[in-house]
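**Student:** Sequence lines, in order, name chains L and A.
For our numbering, add 164 to where a residue sits in the first sequence, where the first one is 1.
For our numbering, add 9 to where a residue sits in the second sequence, where the first one is 1.
Cβ atoms here follow ideal geometry from the backbone N, Cα and C, with glycine treated the same way.
Let me begin by handing over the structure; questions about it come next.
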Amino acid sequence: MTSDVSERTALPSAPADEHLLTARLVAPRRPGLWISAAILLVLAAMLIHTLVTNRRFQWPTVRGYFFERSILHGLELTIWLTAAVLVTGYVIGTAVAAARLSKNPVLKSLGFGFVWLIRSVPMLVQLLFWYELASLYPKLSLGIPFGPEFASFKTAHLFGGILAAYVALSLDVAAFSAEIVRGGILSVPAGQVEAAQALGLGRGRIFRRIVLPQAMPAIVPASGNLLIGMLKATSIVSVIAVQDLLYSAQLIYNENFQIIPLLLVATLWYVVLTTVLSIGQYFVERHYARGTNRRGDGFARLFRRNLPLFNRAGLAAGGRS
Amino acid sequence: MSTLAAAVEVRGASKWFGAHKVLDEVDLTVCPGHVTVIIGPSGAGKSTLLRAINHLEKLDAGRVTVNGVLIGVREHGTRLKELSERAILAQRAEIGFVFQAFNLFPHLTVLENVAAAPVATGRATKTEARERALELLAQVGLAEKAEAYPGQLSGGQQQRVAIARALALRPGVVLFDEPTSALDPELVGEVLAAIRALAGGGTTLVIVTHEIGFAREAADRVVFMDAGRIVEEGPPGEVLDRPRHPRTREFLSKVL
């Protein structure tokens, strides 16, 4: 490099090259990051403070009712109703997704129609419809369509509160899970199916061994949402007097007027269940991340990444994740 | 009637995509054990022809036989009736296929990718399939990658696994659809070497490619296609060095 050129290109204050080679790299200061973090920490401290110091939360009463027999019965009903609704809903939902993806125009339209109808009607209305089915169809019969009937039931005896809740919520899950499953299947590249076909694999095996495992990473997070949403949505059955977790709490506070503590009891149980489900979702997601580079996230690393302020390495990583 | 001498025989193959005729009464005969390379410009119908040979693409007219067996259809009086899915799948197992985009199964290890089909189609026990898979991986130089996932391999390595996978069912015919087109230039050689190693081993190879140098050196027969037709075919020395048809000369002058 001639001195002539360097005079024209170099800035007056530019240090010599040797300095640059040994200089330490300093990250830019981020005052905004620290200020916003400080504000949020203060707000969090205020929240914890009021939870602890406001006597009207009545934590001793909460503790007294937390393991109350009727609350635990309600909890049990909430858990198995959610489980039954999810299993039934996903079986129907997967079938509906398959119908929507089939080449048969009748199945396609029926699948679309089902999803459209269920998603259009509010869940509460569906629940009341099934509960009041007896006034719409007093009698249900088993027989040949438009032909003779073999057996019939009085609907009023058939549809109690729990069955109405089970049917209504299952159909709701079916409609939403159908779209989740369909989206997952569509996310698998067509070349995967072609490659499996070229190897002589049958349709059922291709779906189970090739398509479904690759659709799962797209299906699991959305399903976690649906599952947790449904866990809490089962509390809607309190309107038809099914004794779930929330309704059990309501029955108690209707007698003793301890409204806030009993709502807190129910809330804390929902929080516990949601936490368990979230942890389960994490492990299911990790299982289906096989073959991708998302696998290495241990729980500890996940936490560190979400608390970047306590870890300088995490601060840099936080920007990317 | 198909001659028993041909490994692959295509007669009067036509195919439309909407109003566009991608295959226009194509006739092609491939001798057993030969390497046939199909070249031609994009949109000439090369891939469609290749995919029709294992019935990934249905023909609108014409028929394909592999080792004397009609593919995808059976004669029913004067008509051709499409076979059941099960029968088509059984036929496909006799024909290996290597895709441009590899299409390895990302959630299975390299070994599982290669061993999956023989186990799934009931042609081998799990142990047999694994042994055979390890042999094939060694053959393409990737035995040490058996437990890796496809996402951890380079493009060239992935395509070599795909070749091993296509060979796992011991097919008589292997079809290659632009096997090096999705690769970085420096990875093309290793894949072509793996294909070359198969030539002369008794397996019939049909390869769609843009690698003219490879065609000249490895092919027994070169087929030039344009606009859905076979324009000319013959030994590489003739088609590549002394093309008779002006369209062939024009194409070769652009790619060489």
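Look at the alpha carbon of A:Phe111 and the alpha carbon of A:Glu156, and state the distance between them as a whole number of angstroms.
**Tutor:** Mapped onto the second sequence, residue 111 of chain A falls at position 102. Mapped onto the second sequence, residue 156 of chain A falls at position 147. About 18 angstroms.
**Student:** Going by DSSP, which residues form a beta bridge with A:Phe233?
**Tutor:** Translated into the one-based positions of the second sequence, residue 233 of chain A becomes position 224. In DSSP, A:Phe233 forms a bridge with A:Ile48, A:Glu241.
**Student:** Does the distance from the C-beta atom of L:Thr186 to that of L:Leu395 stay below 8 angstroms?
**Tutor:** Here residue 186 of chain L is taken as the residue at index 22 of the first sequence, counted from 1. Here residue 395 of chain L is taken as the residue at index 231 of the first sequence, counted from 1. No, the Cβ-Cβ distance between L:Thr186 and L:Leu395 is not below 8 angstroms.
**Student:** For L:Lys396, which of helix, strand or coil comes out of DSSP?
**Tutor:** Residue mapping note: residue 396 of chain L aligns to position 232 of the first sequence, counting from 1. Three-state DSSP puts L:Lys396 in a helix.
**Student:** Look at A:Val197 and A:Ile172 and say whether their C-beta atoms are less than 8 angstroms apart.
**Tutor:** On the second sequence, position 188 is the one that residue 197 of chain A refers to. On the second sequence, position 163 is the one that residue 172 of chain A refers to. Not in contact: A:Val197 and A:Ile172 (Cβ atoms no closer than 8 angstroms).
**Student:** Would you decide whether L:Phe310 is buried or exposed? Buried here means 16 or more other CB atoms lie within 10 Å of its CB.
**Tutor:** In the first sequence, the residue the question calls residue 310 of chain L occupies position 146. Classification of L:Phe310: exposed, given that the 10 Å Cβ count is below 16.
**Student:** If contacts are defined as beta-carbon pairs under 8 angstroms, then L:Leu333 and L:Val251 qualify, I think. What distance do you get, rounded to the angstrom?
**Tutor:** What you label residue 333 of chain L is simply residue 169 of the first sequence in a count that begins at 1. What you label residue 251 of chain L is simply residue 87 of the first sequence in a count that begins at 1. About 12 angstroms; that fails the 8 angstroms criterion.
**Student:** By the three-class DSSP mapping on this structure, what secondary structure does L:Leu365 have?
**Tutor:** In the first sequence, residue 365 of chain L corresponds to position 201, counting from 1. Three-state result, L:Leu365: coil.
**Student:** Find out if the Cβ-Cβ distance for the pair L:Tyr254, L:Ser341 is shorter than 8 angstroms.
**Tutor:** Counting from one through the first sequence, the residue named residue 254 of chain L turns up at place 90. Counting from one through the first sequence, the residue named residue 341 of chain L turns up at place 177. Yes, they are a contact pair.
**Student:** Counting C-beta neighbours from all protein chains within 10 Å, is the total for L:Ser170 16 or more, i.e. buried, or is it exposed?
**Tutor:** Here residue 170 of chain L is taken as the residue at index 6 of the first sequence, counted from 1. Because L:Ser170 carries a pLDDT of 48, less than 50, the predicted location of this residue cannot be relied on, and the following value inherits that uncertainty. Classification of L:Ser170: exposed, given that the 10 Å Cβ count is below 16.
**Student:** State yes or no: is the C-beta of A:Glu220 within less than 8 angstroms of the C-beta of A:Leu201?
**Tutor:** On the second sequence, residue 220 of chain A is found 211 positions in, with the first residue counted as 1. On the second sequence, residue 201 of chain A is found 192 positions in, with the first residue counted as 1. Result yes, Cβ atoms of A:Glu220 and A:Leu201 sit closer than 8 angstroms.
**Student:** Would you check if there are 3 or more beta carbon pairs closer than 8 angstroms linking the region 376–388 of chain L to the region 129–143 of chain A?
**Tutor:** As far as the Cβ criterion goes, the region 376–388 of chain L does not touch the region 129–143 of chain A, which means the pair count is below three.
**Student:** Between the C-alpha atoms of A:Phe106 and L:Leu363, what's the straight-line distance to the nearest angstrom?
**Tutor:** Start at 1 with the first residue of the second sequence, and residue 106 of chain A comes out as number 97. Start at 1 with the first residue of the first sequence, and residue 363 of chain L comes out as number 199. A:Phe106 and L:Leu363: Cα-Cα distance of roughly 8 angstroms.
**Student:** Quick check on A:Tyr158: buried or exposed, where buried means 16 or more other Cβ atoms within 10 Å of its Cβ?
**Tutor:** By 1-based counting over the second sequence, the position of residue 158 of chain A is 149. Label assigned to A:Tyr158: buried.
**Student:** With three or more beta-carbon pairs closer than 8 angstroms as the criterion, would you say the region 30–47 of chain A touches the region 226–239 of chain A?
**Tutor:** With the cut-off at 8 angstroms, the region 30–47 of chain A and the region 226–239 of chain A touch.
**Student:** What is the rounded straight-line gap between the Cα of A:Leu120 and the Cα of A:Arg139?
**Tutor:** Residue 120 of chain A sits at position 111 when you count from the first residue of the second sequence. Residue 139 of chain A sits at position 130 when you count from the first residue of the second sequence. About 7 angstroms.
**Student:** Would you call L:Ile383 buried or exposed, if buried means 16 or more other Cβ atoms sit within 10 Å of its Cβ?
**Tutor:** Here residue 383 of chain L refers to the residue found at position 219 of the first sequence. Classification for L:Ile383: buried.
**Student:** If the cut is a Cβ gap below 8 angstroms, which residues of chain A does L:Pro385 touch?
**Tutor:** Position 221 of the first sequence holds residue 385 of chain L. Ordered by position in chain A, no residue passes the 8 angstroms Cβ test against L:Pro385, which lies about 17 angstroms from the chain.
**Student:** Rounded to a whole number of angstroms, what is the C-alpha to C-alpha distance between A:Glu18 and A:Asp229?
**Tutor:** As a position in the second sequence, residue 18 of chain A is number 9, starting the count at 1. As a position in the second sequence, residue 229 of chain A is number 220, starting the count at 1. Rounded to the nearest angstrom, the two C-alpha atoms are 16 angstroms apart.
**Student:** Which value, in whole angstroms, describes the spacing of the CA atoms of A:Trp25 and L:Gln445?
**Tutor:** Taking the first residue of the second sequence as 1, we reach residue 25 of chain A at position 16. Taking the first residue of the first sequence as 1, we reach residue 445 of chain L at position 281. Between A:Trp25 and L:Gln445, the C-alpha separation is close to 47 angstroms.
**Student:** Check this for me: beta carbons of L:Val429 and L:Phe230, under 8 angstroms apart or not?
**Tutor:** By one-based count along the first sequence, residue 429 of chain L stands at place 265. By one-based count along the first sequence, residue 230 of chain L stands at place 66. Yes.
**Student:** Let me confirm a value: A:Glu226 is counted as buried when at least 16 other C-beta atoms fall within 10 Å, else exposed. Which label applies?
**Tutor:** Along the second sequence, read from residue 1 onward, the residue named residue 226 of chain A stands at position 217. Exposed, since its Cβ has fewer than 16 Cβ neighbours within 10 Å.
**Student:** Closer than 9 angstroms by beta-carbon distance: list the chain A residues that pair up with L:Gln378, in chain order.
**Tutor:** Position 214 of the first sequence, counting from 1, holds the residue named residue 378 of chain L. Near L:Gln378 (Cβ distances below 9 angstroms), the residues of chain A are Phe114, Pro115, His116.
**Student:** Between which two residues does the beta strand (DSSP E) carrying A:Lys30 extend?
**Tutor:** Position 21 of the second sequence holds residue 30 of chain A. First-last of the beta strand (DSSP E) with A:Lys30: 29–39.
**Student:** With a threshold of 8 angstroms, are at least 3 pairs of Cβ atoms found where one atom belongs to the region 158–170 of chain A and the other to the region 91–105 of chain A?
**Tutor:** In short, these stretches do not touch, since the Cβ pair count stays below three.
**Student:** How about A:Pro127 and A:Gly160: are their beta carbons less than 8 angstroms apart?
**Tutor:** Within the second sequence, residue 127 of chain A is the residue found at index 118, counting from 1. Within the second sequence, residue 160 of chain A is the residue found at index 151, counting from 1. The answer is no: Cβ separation not under 8 angstroms.
**Student:** Rounded to the nearest angstrom, how far is the Cβ of L:Ala486 from that of L:Val406, given a contact under 8 angstroms?
**Tutor:** With chain L covering only 165 through 485, there is no way to say anything about residue 486 of chain L.
**Student:** Along chain L, in chain order, which residues have C-beta atoms closer than 9 angstroms to that of A:Phe108?
**Tutor:** Start at 1 with the first residue of the second sequence, and residue 108 of chain A comes out as number 99. Gly355, Glu358, Ala359, Ala362, listed in chain order.
**Student:** Can you check which of these residues, L:Ala202, L:Ile243, L:Asn218, L:Phe276, is closest to L:Ile424 by C-alpha distance?
**Tutor:** Position 260 of the first sequence, counted from the start, is the residue given in the question as residue 424 of chain L. Taking only the C-alpha atoms, the option nearest L:Ile424 is L:Asn218.
**Student:** When you compare the CB positions of A:Asn76 and A:Ala152, do they come within less than 8 angstroms of one another, or not?
**Tutor:** The residue you call residue 76 of chain A lines up with position 67 of the second sequence. The residue you call residue 152 of chain A lines up with position 143 of the second sequence. No. Outside cutoff.
**Student:** Please report the residue range of the alpha helix (DSSP H) in which A:Arg60 lies.
**Tutor:** Counted from its first residue, the second sequence places residue 60 of chain A at position 51. First-last of the alpha helix (DSSP H) with A:Arg60: 55–62.
**Student:** I need the straight-line Cα distance from A:Thr218 to A:Glu242, nearest angstrom please.
**Tutor:** Within the second sequence, residue 218 of chain A is the residue found at index 209, counting from 1. Within the second sequence, residue 242 of chain A is the residue found at index 233, counting from 1. The alpha-carbon atoms of A:Thr218 and A:Glu242 are separated by roughly 15 angstroms.
**Student:** A:Glu66 to A:Pro244, Cα distance in whole Å?
**Tutor:** Stepping through the second sequence from its first residue, residue 66 of chain A is reached at position 57. Stepping through the second sequence from its first residue, residue 244 of chain A is reached at position 235. Using only the alpha carbons, I get a separation of about 28 angstroms.
**Student:** When you compare the CB of A:Leu98 with every CB in chain L, is at least one pair closer than 8 angstroms?
**Tutor:** In the second sequence, the residue the question calls residue 98 of chain A occupies position 89. Taking Cβ atoms only, chain L reaches closer than 8 angstroms to A:Leu98, which makes this a yes.
**Student:** Give the interface partners of L:Arg367 over in chain A, defined as CB-CB distance under 7 angstroms, in chain order.
**Tutor:** Counting from one through the first sequence, the residue named residue 367 of chain L turns up at place 203. Those are Glu94, listed as they occur along chain A.
**Student:** Tell me the rounded alpha-carbon separation between L:Ala197 and L:Leu207.
**Tutor:** Translated into positions along the first sequence, residue 197 of chain L becomes position 33. Translated into positions along the first sequence, residue 207 of chain L becomes position 43. In the sequence as presented, Ala is not what sits at residue 197 of chain L; that position holds Leu. Roughly 16 angstroms separates the two Cα atoms.
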